[in-house]
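K.L.:
Take this structure first; my questions come after.
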Amino acid sequence: MYCIKPWEDLTIQDDYMFKLIMNIKPICLKLLQGILRMEIKDIHYLETEKSMDARYQGKGIRMDVYVRDDAATVYNIEMQVRMLEGTSLFKRTRYYQSMIDADLLAAGADYDDLNKTIIIFICPFDPFGEGRHIYTFENICVEDGTISLRDGTKKIILNAGAFEQTDNHELQGFLRYVKTGELTTDYTKRIESMIQTVKMSEQARQEYRFKSAVIMDAEDKGLERGLAEGEARGSRQAKLETAKLMLQRDYPSAEICLMTGLSP
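See below:
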C-alpha cells in the first residue's frame, strides 16, 4: 500500500523532491560531471518527468531526469531507494534502455542515428554487495574483454552507502548527503537550501499532494496511466512560486533565472 510521506519530511531521496531539484540545470549538470568525471558544456531537458507509453499494451515508464548534453549523449537519472525483489532492479535498466531507444529512433530513421545513452541509478544501498561506490556496465565480448559491442549504451549504478570509496570530493559529498543527509560541500548545501526553499512553496506542496493522491488512486485501481497525468501538472507554477520565495530571500535575479530555468 502506498503511503504519503509528510511534505515536511521529504529529502533528496524522495522521488518528487529529487525530480524538482534535478530540474535545476546547474545542479543536474554538476552531478553528471561528478559521476562521469568529465566536462559537460551544457544539457538540455528533453522533457521534465518524461512519461513513455509502451506499444502493444506494454508497461509504461516515468523517468525522473531525461536530458541530452551538447555532444548529443542522452542521460536518464533515477533515484532508487529500495532494492526490488530478485533481479527486477537490474532488468528495469534493460527495459528503460529499450523504451529510450524507441523514443529516440523516429520512424524510418537509420540505426546509426541512435544517440549514445547513459542510464544512472542512484541507490542508498549496495545492490551487488561488493562495497563499490559505483558499478559501470557496458556490452563487451565474453571471449575477449577488449572487444566492445560499440552499441553506445552504458549503465551506471551508484551505491551511496560506500561514499568514502570515491576520491572525487564533490561526488563523495553528494553520496554522503543522499545516504546520511550530512552537508559537507557547497554543492550539497546548495541542494539543501533549494529543498528548504521549495518546501516553503504552497504551490509545490499542493502539487505534491495532488500527485500522491493520483498515485494512490492509480494503485487502488491498477491504472498506471493516471500517474503521468498527475506528474504533468503545475510544473511552471511551482517554479514561479520558488522564484518568488528566492526573491524574498534576496537572491540575485540572474541566479533565480539560472536555478529555475525561468526567463527574467
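Last residue of the sequence shown: 271 (the working numbering), numbering continuous.
Note that the Cβ used here is the ideal one computed from N, Cα and C, for glycine as well.
Specify the secondary structure class of L17 as computed by DSSP and reduced to three states.
P.N.:
One-based indexing of the sequence shown puts residue 17 at position 10. In the structure shown, L17 sits in coil (DSSP, three-state: anything other than H, G, I, E or B).
K.L.:
Considering only residues of the same chain and omitting the five flanking positions on each side of I163, which have a CB-CB separation below 6 Å?
P.N.:
One-based indexing of the sequence shown puts residue 163 at position 156. Closer than 6 Å at the Cβ level, and outside the excluded window around I163, lie I127 and T143.
K.L.:
Under the three-state reduction of DSSP, which class applies to R139: helix, strand or coil?
P.N.:
For this step, residue 139 is matched to residue 132 along the sequence shown. Looking at R139 - three-state DSSP - the assignment turns out to be coil, as it is neither helix nor strand.
K.L.:
From the DSSP secondary-structure annotation, give me the bridge partner or partners of C130.
P.N.:
Within the sequence shown, the letter at position 123 stands for residue 130. BP columns for C130 point to N166.
K.L.:
Beta-carbon separation of I129 and L165 under 7 Å?
P.N.:
Taking the sequence shown and counting its residues from 1, one reaches residue 129 at position 122. Taking the sequence shown and counting its residues from 1, one reaches residue 165 at position 158. Taking 7 Å as the Cβ cut-off, I129 and L165 qualify as a contacting pair.
K.L.:
Classify T124 as helix, strand or coil using the three-state DSSP reduction.
P.N.:
Locating residue 124 in the sequence shown gives position 117, where the first residue counts as 1. Taken through DSSP and simplified to helix, strand or coil, T124 comes out as strand.
K.L.:
Which of the three DSSP states, helix, strand or coil, is assigned to E85?
P.N.:
Taking the first residue of the sequence shown as position 1, residue 85 is located at position 78. Reduced to three states, the DSSP call for E85 is strand.
K.L.:
Please classify A245 as buried or exposed, where buried requires at least 16 other C-beta atoms within 10 Å of its C-beta.
P.N.:
Locating residue 245 in the sequence shown gives position 238, where the first residue counts as 1. Label assigned to A245: buried.
K.L.:
For A78 and N122, I'd like the C-alpha separation in whole angstroms.
P.N.:
Indexing the sequence shown from 1 puts residue 78 at position 71. Indexing the sequence shown from 1 puts residue 122 at position 115. Straight-line Cα distance between these residues: approximately 9 Å.
K.L.:
Tell me which same chain residues have a C-beta within less than 6 Å of the C-beta of M207, skipping the five on either side of it?
P.N.:
Working through the sequence shown from its first residue, we reach residue 207 at position 200. So the list reads L252, once near-sequence residues are dropped.
K.L.:
With DSSP as the reference, please indicate the residues paired to I147 in a beta bridge.
P.N.:
Here residue 147 refers to the residue found at position 140 when the sequence shown is read from its first residue. DSSP, once it has assigned bridges, lists S155 as partnering I147.
K.L.:
Specify the secondary structure class of R216 as computed by DSSP and reduced to three states.
P.N.:
By 1-based counting over the sequence shown, the position of residue 216 is 209. It is helical.
K.L.:
Please identify the residue among V88, H140 and F132 whose C-alpha is closest to the C-alpha of L43.
P.N.:
Taking the first residue of the sequence shown as 1, we reach residue 43 at position 36. When only C-alpha atoms are compared, the closest one is H140.
K.L.:
Can you give the beta carbon distance from L96 to Q104, rounded, assuming they're within the 8 Å contact cut?
P.N.:
On the sequence shown, residue 96 is found 89 positions in, with the first residue counted as 1. On the sequence shown, residue 104 is found 97 positions in, with the first residue counted as 1. That pair is no contact at about 14 Å.
K.L.:
Among R99, D108, M90 and A211, whose alpha-carbon lies nearest the alpha-carbon of T80?
P.N.:
Here residue 80 refers to the residue found at position 73 when the sequence shown is read from its first residue. Closest option to T80, Cα to Cα, is D108.
K.L.:
Considering just the uninterrupted stretch of the alpha helix (DSSP H) at Y103, what are its terminal residues?
P.N.:
By one-based count along the sequence shown, residue 103 stands at place 96. It spans S95 to L111 - the alpha helix (DSSP H) in which Y103 sits, taken as one unbroken run.
K.L.:
I want to know whether the segment 192 to 208 touches the segment 22 to 33 - three or more CB-CB distances under 8 Å.
P.N.:
yes
K.L.:
Helix, strand or coil for R76 per DSSP?
P.N.:
In the sequence shown, counting from the first residue as 1, residue 76 sits at position 69. As written in the sequence, residue 76 is Asp, which differs from the Arg given in the question. Looking at D76 - three-state DSSP - the assignment turns out to be strand.
K.L.:
In the DSSP assignment, what residue or residues form a beta bridge with H51?
P.N.:
As a working note, residue 51 is residue 44 in the sequence shown. The partner list for H51 (beta bridge, DSSP) reads R75.
K.L.:
Can you tell me where the alpha helix (DSSP H) holding Y23 begins and where it ends?
P.N.:
Within the sequence shown, residue 23 is the residue found at index 16, counting from 1. Looking at the DSSP string, the run of the alpha helix (DSSP H) that includes Y23 is D22 to M29.
K.L.:
The alpha helix (DSSP H) spanning S200 covers which residue range?
P.N.:
Counted from its first residue, the sequence shown places residue 200 at position 193. Run containing S200: D193 to K206, per the alpha helix (DSSP H) assignment.
K.L.:
Just to confirm before moving on: does the CB-CB distance between I50 and D71 stay below 7 Å?
P.N.:
For the purposes of this step, residue 50 is taken as the residue at position 43 of the sequence shown. For the purposes of this step, residue 71 is taken as the residue at position 64 of the sequence shown. Cβ atoms of I50 and D71: not closer than 7 Å.
K.L.:
R101: which of G152, P271, T160 and Q213 sits nearest, CA to CA?
P.N.:
For the purposes of this step, residue 101 is taken as residue 94 along the sequence shown, with counting starting at 1. Measuring from the Cα of R101, the nearest candidate turns out to be T160.
K.L.:
With a CB to CB cut of under 8 Å and the five nearest residues on each side skipped, what residues in its chain are close to I263?
P.N.:
Indexing the sequence shown from 1 puts residue 263 at position 256. Answer for I263: A250, M253, L254 and L269, listed in chain order.
K.L.:
Using CA coordinates, which residue listed in E248, F217 and Y52 is at the minimum distance from Y23?
P.N.:
Taking the first residue of the sequence shown as 1, we reach residue 23 at position 16. Per the Cα distances, F217.
K.L.:
Taking the alpha carbon of V74 as the reference point, which residue from K196, D151, I34 and I147 has its own alpha carbon closest?
P.N.:
To locate residue 74, count along the sequence shown from 1; it is residue 67. Selected option, being the one with the closest Cα: I34.
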